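Residue numbering for the sequence shown is 112 to 304, as defined by this note's numbering. Where is the CB? At the ideal position from N, CA and C, for every residue including glycine. All of these numbers come straight from a predicted model, not from anything done at the bench.
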Amino acid sequence: MSTNNSDSDFFLSQMKDVKPIKVEEKVVLASPHKDKTSIATRRKAATAELAKDQNFLSGEYIEPLDPLAVIEFKRDGVQHGVYRSLRMGKYQIDARLDLHNMTIDQARTAVFQFIKDCMTHDIRCALITHGKGEGREQPAQLKSCVAHWLPQLDEVMAFHSAQKRHGWLGATYVLLRKSEKKKQETWELHNKR
112 MSTNNSDSDF
122 FLSQMKDVKP
132 IKVEEKVVLA
142 SPHKDKTSIA
152 TRRKAATAEL
162 AKDQNFLSGE
172 YIEPLDPLAV
182 IEFKRDGVQH
192 GVYRSLRMGK
202 YQIDARLDLH
212 NMTIDQARTA
222 VFQFIKDCMT
232 HDIRCALITH
242 GKGEGREQPA
252 QLKSCVAHWL
262 PQLDEVMAFH
272 SAQKRHGWLG
282 ATYVLLRKSE
292 KKKQETWELH
302 NKR
């Protein structure tokens with residue numbers, strides 16, 4: 112133990128004239144209380160990025176449609192009479208989305224969010240207006256995208272080009288899956304005795 116004490120004493124005697132080096136701070140840290148707008152902006156951007164990541168609608172190759180093509184889709188299990196009523200425009204349209212003047216990426220985001228919002232608000236039938244794009248260099252671009260995207264959404268049970276009074280070949284009726292709440296209401300309505 113005396114060896115350890117002598118080593119320690121020797122070290123301290125050698126270091127008695129040493130002074131700490133003064134280093135200037137190179138990074139100035141902002142006070143967390145001063146920059147609340149920046150935090151809110153970053154949080155909003157992160158939330159938007161997360162929402163964008165959840166949008167799985169494919170932006171890959173989309174087969175171009177003719178501007179005057181009728182677009183239609185029906186999942187297994189959708190009754191013929193229900194689909195016929197949709198095609199004929201007999202359901203009340205509870206929500207509308209207009210994609211005119213949007214880029215494909217803006218339309219992709221809008222369609223994805225629109226369907227999610229419709230489900231949140233128990234909307235059963237909606238109308239998406241996309242136009243025909245006649246006379247354009249790439250006609251029916253948004254129409255082709257809508258026809259490609261809607262089957263990718265599990266909430267979409269069926270869709271069909273609209274009747275003339277609702278936009279004809281430049282618009283599409285969308286039939287959405289019933290929410291659990293709506294299913295229960297229908298069951299109660301038909302099973303009252």
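Task: Per-residue DSSP class, three states only, for Met-112 - done: With a pLDDT of 47 at Met-112, under the threshold of 50, the modelled position of that residue is not reliable, and the figure given next carries that caveat. Note: Met-112 maps to coil in three-state DSSP.
Task: Range of the contiguous alpha helix (DSSP H) that encloses His-259 - done: 252-260
- [ ] State buried or exposed for Val-257, treating a residue as buried only when at least 16 other CB atoms are found within 10 Å of its CB.
- [x] buried
Task: Lys-293 versus Ser-149: straight-line alpha-carbon distance, rounded - done: 42 Å
Task: Cα-Cα separation between Ile-204 and Ala-151, rounded to whole angstroms - done: 37 Å
Task: Which of helix, strand or coil DSSP assigns to Met-126 - done: helix
Task: Exposure label - Trp-279; buried when at least 16 CB within 10 Å - done: exposed
Task: Outcome for Ala-269 when other beta-carbon atoms lying within 10 angstroms are tallied against a minimum of 16 - done: buried
Task: In chain order, each alpha helix (DSSP H) run of at least 4 residues that lies wholly inside the region 207-244 - done: 215-231
TODO: Output the boundary residues of the alpha helix (DSSP H) element that contains Tyr-194.
DONE: 191-198
Task: Segment limits, alpha helix (DSSP H) that includes His-271 - done: Premise fails: His-271 lies in the beta strand (DSSP E), 267-272, not in any alpha helix (DSSP H).
Open item on the list: Looking at Leu-168: is its Cβ nearer than 7 Å to the Cβ of Phe-223?
Closed with: yes
Task: Nearest-angstrom Cβ-Cβ length linking Lys-98 and Pro-178, presumed shorter than 8 Å - done: There is simply no residue 98 to check, as the chain begins at 112 and stops at 304 in what is shown.
- [ ] Can you tell me which of the three DSSP states Lys-319 falls into?
- [x] Only positions 112 to 304 of the chain appear in the structure, and residue 319 is not among them; the question remains open.
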